[in-house]
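When you line the sequence shown up against numbering that gives the first Met the number 0, it's residues 0 to 147, in that order. Positions of the beta carbon are idealized from the N, C-alpha and C atoms, including for glycine. All of these numbers come straight from a predicted model, not from anything done at the bench. Below is one structure, written out as structure tokens, with a few remarks after it.
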Amino acid sequence: MLAQKTRYAIRAMQHLADRHGQGPIQLTEIAESQNIPGKFLTVILSELSRAGLIDSQRGKDGGYWLALAPQEISYGDLVRLVRGSVALVPCASRNAHETCKNCVPEAECRTRALMLQVRDATAELLDGIRLSDPIELAPPASDEAEPS
0 MLAQKTRYAI RAMQHLADRH GQGPIQLTEI AESQNIPGKF LTVILSELSR AGLIDSQRGK
60 DGGYWLALAP QEISYGDLVR LVRGSVALVP CASRNAHETC KNCVPEAECR TRALMLQVRD
120 ATAELLDGIR LSDPIELAPP ASDEAEPS
């Protein structure tokens, strides 16, 4: 599962993408509309700013805005930036590879082979969807049919 920090970063960036071109958006607006604790959001926005995805301005008329157009930012970019990888296990990560502890040798591990396929499919999907792309809402989990 994605960590809360990654989910907050995605929601904050979606909010900024929805308001792209409207000038600085105040932190309190983002925090309140996306239900993100303000102090945590400050840390997240600071990281996104250091990475060059957002810009900010201090002061009464200050706030945050996307440094790039929404079509230039993929969800894969965001996940990798905040999480470090789209891989579900460390041995399947391209950028943060670690040999799993208490496992069989990587060359013999079918779980790793499976997770490499999952990583590649996940990366392809996330890299193909941009902040500018519409995302169709899904019904809440309680409304979904039970798997048989």
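A straight-line Cα-Cα distance of about 25 Å links E71 and L87. Cβ neighbours of Y7 within its own chain (closer than 7 Å, five residues either side excluded): I35, F39, L40 and I43. Ranked by Cα distance from L1, the options Y74, Q25 and S48 are led by Y74. Contact between H14 and S32 holds: CB atoms are separated by about 6 Å, below the 8 Å threshold. The three-state reading of DSSP puts S32 in helix, counting H, G and I together. Rounded to the nearest angstrom, the gap between the Cα atoms of C102 and M114 is 14 Å. Around the Cβ of I128, a 10 Å sphere holds fewer than 16 other Cβ atoms; the residue is exposed.
The shortest CA-to-CA distance from A50 to any of Q116, G83, R111 and Q25 is the one to G83.
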